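For the record, the sequence lines run as chains A and B.
No gaps in the numbering here: position 5 of the first sequence is 186 in the numbering used here, and each next residue is one more.
No gaps in the numbering here: position 279 of the second sequence is 460 in the numbering used here, and each next residue is one more.
C-beta atoms are modelled at their ideal positions from N, C-alpha and C, and glycine is treated no differently.
Remember, predicted model here, so these are calculated numbers, not experimental data.
Worksheet: one structure, shown below.
Number of protein chains: 2
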Amino acid sequence: MILTVTANAALDITYGIPELRVHASHRVRQVWQRAGGKGINLASAAAAMGCEVVVAGCAGGQTGTQIEHDLDRRGLPRHLSPLRGESRRTVTIVDESGDATVFNEPGALQDTGVVDALVTDVTHLLDSRPPRVLALCGSLPTGMDGHCYRRIVEIAESRGIPVVLDATGAPLTDALPARPDVVKPNRSELATTTGQQTMSDGVASLRDAGARTVVVSDGAAGIHLFPEDGGHLHAFLDHTLSGNPTGAGDAAAAAVCAGIDGGWSSADLLRAAIAWSAAAVLQPTAGEVDPADVERLLASVHLKEFS
Amino acid sequence: MILTVTANAALDITYGIPELRVHASHRVRQVWQRAGGKGINLASAAAAMGCEVVVAGCAGGQTGTQIEHDLDRRGLPRHLSPLRGESRRTVTIVDESGDATVFNEPGALQDTGVVDALVTDVTHLLDSRPPRVLALCGSLPTGMDGHCYRRIVEIAESRGIPVVLDATGAPLTDALPARPDVVKPNRSELATTTGQQTMSDGVASLRDAGARTVVVSDGAAGIHLFPEDGGHLHAFLDHTLSGNPTGAGDAAAAAVCAGIDGGWSSADLLRAAIAWSAAAVLQPTAGEVDPADVERLLASVHLKEFS
């Protein structure tokens, strides 16, 4: 079972309109609403690929209830901890060009009590029904410091449960001293977080701080995997895809978790990460993957190994 | 007591951002969230001016719960009837220019069962605690036809309860044969609804269809009142105001209701309508009025009477 933690889960609202005009009034044609956040997308993609998953994280207020209802509707088992105030929402306006204009709410300010409750609840889940992999995903609510993820990594590692950390900035660097098994920034997040220009310098910087295996996604250029024991694998698709890249990184993280859960080789895990994330691009909504697309796309993955 | 009915109540979400850029991602700085809709704004303004009010209408789903919570927070007594699916939301983006970009959700499709429930619930309110004035306000949810308001007007008139109808298009014209005491379109709504170019032709057209007293608001140019027994009064402010005109028409309707409740003359009612709506312009949020502003503005109202 894969347990994902989304500390900053959101309600993602998407409006379809013909054209966005600044300072005009718009009649919305279509409304979509889903529970969102990287760990929820990861769990959703993994579930679509047949993995057993549980969703943890934080939710609060009426918006939190809407997040919970959507997880129930989608059949994703959940154990969400309380948040102070309302969960944040995102509003995305998609016009007929297919491009998106996004508004991200800041979310309510949290305190240490909320962190303590999340750590306690996740610890209880790790003990009562130990997952094969724990994924810590995405940003932290305003006022929650990065030690939240570090504490959870320490607790999971002490129980021998492998941790995948898919975060950027302080939530990533603050947790590195606890030595998570895998960190998965994308290329621009790696550069921003470490301040290093090249990928190898960025990876070295994360390693110095405590990282073990590092997976770096790079959009259409593929995904790089730097195993803890040395080396460098690079996989990519032999053709470009058009579609919706939102959630593609989360599908890659889902494949990483599934690979750890299944004891796959680094090469197989990386091939799956390419195929799952490419399959996610073909779906209109984040967190969805069609296993038939994954099957077909696996044949188009190229893999290079560097020593 | 003033009873208002808002069949198409909404949750109004407002985001403050520095600048709206099409196809960009925005970090929202401020989030405001309120129960909205013309009848709720009317009741809120009337309550601020010391009137006793009750809010009726329809609300559904989690969004309906959010509307109810906000009414409770604001101390506005409510008796909302169930809606199929979720209540609609509006999202308004206000940037530093002060101008607004608005997205209106269509709302869920309703059926006759929802209309019947609303009519039954409002009838029960009219019988159990008869208001001095009933205000029917705003648009109808998708799938609810205008006979909803007509049925309620008939029931109120049969009990001798005066009705103010603040609606436009079909919800207005469909209800006119039931002869509501006052209809209150704004000037452009009057033209759109009747297809008439001049105000007097528009008023005559409404009268032919069953209207009695007609009140036409015309923005900064003031408000016209055409009493059922003939004549024409025009009131306006002797200076222009800058501010937020959203909800100004609802504050004018609140003054009309308060005037009927208090048995004011047409001239006093019209002066109050100008002062209340001008005071609403000075507030950042619809449904708010400062009685001190009203007191001060009343001295600046000019009134003309035509025979």
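Status (buried if at least 16 other CB within 10 Å, exposed otherwise) for residue i
| i | result |
| --- | --- |
| H415 of chain B | buried |
| L290 of chain A | exposed |
| R269 of chain B | buried |
| Q378 of chain A | exposed |
| S225 of chain A | buried |
| A205 of chain B | exposed |
| A190 of chain A | buried |
| T323 of chain B | exposed |
| G430 of chain B | buried |
| T282 of chain A | buried |
| Q247 of chain B | buried |
| H483 of chain B | exposed |
| S488 of chain A | exposed |
| W213 of chain B | exposed |
| K219 of chain A | buried |
| G411 of chain B | exposed |
| Q464 of chain A | buried |
| D389 of chain B | exposed |
| V468 of chain B | The sequence shown places Gly at residue 468 of chain B, rather than the Val named in the question. So G468 of chain B ends up on the buried side. |
| G376 of chain A | exposed |
| G428 of chain A | buried |
| P312 of chain A | buried |
| E476 of chain A | exposed |
| R215 of chain A | buried |
| H405 of chain A | buried |
Sheet register partners of residue i (DSSP bridge)
| i | result |
| --- | --- |
| Q211 of chain A | A:G197 |
| I455 of chain A | I455 of chain A is not bridged to any residue. |
| I275 of chain B | The sequence given here places Val at residue 275 of chain B; Ile does not occur at that position. The partner list for V275 of chain B (beta bridge, DSSP) reads B:G197, B:A281. |
| A561 of chain B | In the structure as shown, chain B starts at 182 and stops at 488, and residue 561 of chain B therefore has no counterpart that could be examined. |
| V186 of chain A | A:A237, A:L317 |
| S206 of chain A | B:V283 |
Three-state class that DSSP yields for residue i in the structure shown
| i | result |
| --- | --- |
| L484 of chain A | strand |
| L223 of chain B | helix |
| L290 of chain B | coil |
| G238 of chain A | strand |
| R270 of chain A | strand |
| S446 of chain B | coil |
| L362 of chain B | It is worth fixing the name first, because residue 362 of chain B is Asp in this sequence and not Leu. Of the three classes helix, strand and coil, the one that applies to D362 of chain B here is coil, per DSSP. |
| G245 of chain B | helix |
| V310 of chain A | Residue identity check: residue 310 of chain A is Arg in the sequence provided, not Val. Coil, per DSSP. |
| R254 of chain B | helix |
| C438 of chain B | helix |
Residue span of the beta strand (DSSP E) that contains residue i, given as start and end
| i | result |
| --- | --- |
| S136 of chain A | The requested residue 136 of chain A does not occur in the structure, where chain A is confined to residues 182 to 488. |
Bounding residues of the alpha helix (DSSP H) (the contiguous stretch that carries residue i)
| i | result |
| --- | --- |
| R477 of chain B | 472–479 |
| T466 of chain A | Counting along the chain, T466 of chain A falls outside any alpha helix (DSSP H), and DSSP gives it neither H nor E. |
Kindly provide the ranges of any alpha helix (DSSP H) runs that are 4 or more residues long and lie completely inside the stretch 364–430 of chain A, ordered along the chain. With a minimum length of 4 residues, the continuous alpha helix (DSSP H) runs that stay inside the stretch 364–430 of chain A are 368–375, 380–390.
If you scan the stretch 313–360 of chain B from start to end, which runs of the beta strand (DSSP E) of 3 or more residues do you find wholly inside it? List check, beta strand (DSSP E) in window: 314–318, 344–347.
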